[in-house]
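The structure appears right after this line, and notes come after that.
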Amino acid sequence: MKTLNFLKTFFLLFACSNMALAQLNIASVADGNWLSKSTWDCNCIPLPIYNITINNDVVMDTNFATALGGSITINAGASLVQDGSNNRDLGMAGDTLTNNGTLNLRYLGALSGTIINNDTMIYKSFYTGATFINNGVLL
Numbered sequence: 806m807k808t809l810n811f812l813k814t815f816f817l818l819f820a821c822s823n824m825a826l827a828q829l830n831i832a833s834v835a836d837g838n839w840l841s842k843s844t845w846d847c848n849c850i851p852l853p854i855y856n857i858t859i860n861n862d863v864v865m866d867t868n869f870a871t872a873l874g875g876s877i878t879i880n881a882g883a884s885l886v887q888d889g890s891n892n893r894d895l896g897m898a899g900d901t902l903t904n905n906g907t908l909n910l911r912y913l914g915a916l917s918g919t920i921i922n923n924d925t926m927i928y929k930s931f932y933t934g935a936t937f938i939n940n941g942v943l944l
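Read in my numbering, the sequence shown has 895 at position 90, and its numbers run on one by one without any break.
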């Protein structure tokens, strides 16, 4: 009986931990700051494991890094730009960044993964160990 209870507890904990790490798809629904919950359809602040779609003009008011399969897609007509501090960075580790709009950050670093630029990327420093496909403009 103790073994059965242990197994039930183990599977319950395993199921809960997998739900907690489940990848979420979120999208911007309004122009606004990255750290503003009202910018996002989930009324939350994006986490590194999320698949993030930017449909509006989003201001990066924090540094951010994707992780564990997370991704960022900037749609045509949308933008992800750093705030007035001009010192915002985006990091990636094996994830995907697709830019179909405007991306403007101080530093873009990718250890691995894929970066696809189909429009305009503006940056001060760029490091990539990722696959980089440029069909747009780099400034």
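The beta carbon of each residue, even a glycine, is placed where N, CA and C say it ideally should be. Computed from a predicted structure; not experimentally measured.
task: Would you mind sorting Y855 into buried or exposed? The rule is 16 or more other CB atoms within 10 Å of its CB.
output: buried
task: Would you tell me roughly how many angstroms separate the C-alpha atoms of M865 and L916, rounded to the nearest one?
output: 21 Å
- prompt: Beta carbon of G875, beta carbon of P853: below 8 Å?
  reply: yes
- prompt: Can you tell me whether DSSP reads S876 as helix, strand or coil?
  reply: Of the three classes helix, strand and coil, the one that applies to S876 here is strand, per DSSP.
- prompt: Is S833 helix, strand or coil by DSSP?
  reply: strand
query: For the beta strand (DSSP E) that N909 lies in, which residues bound it at each end?
result: 907-915
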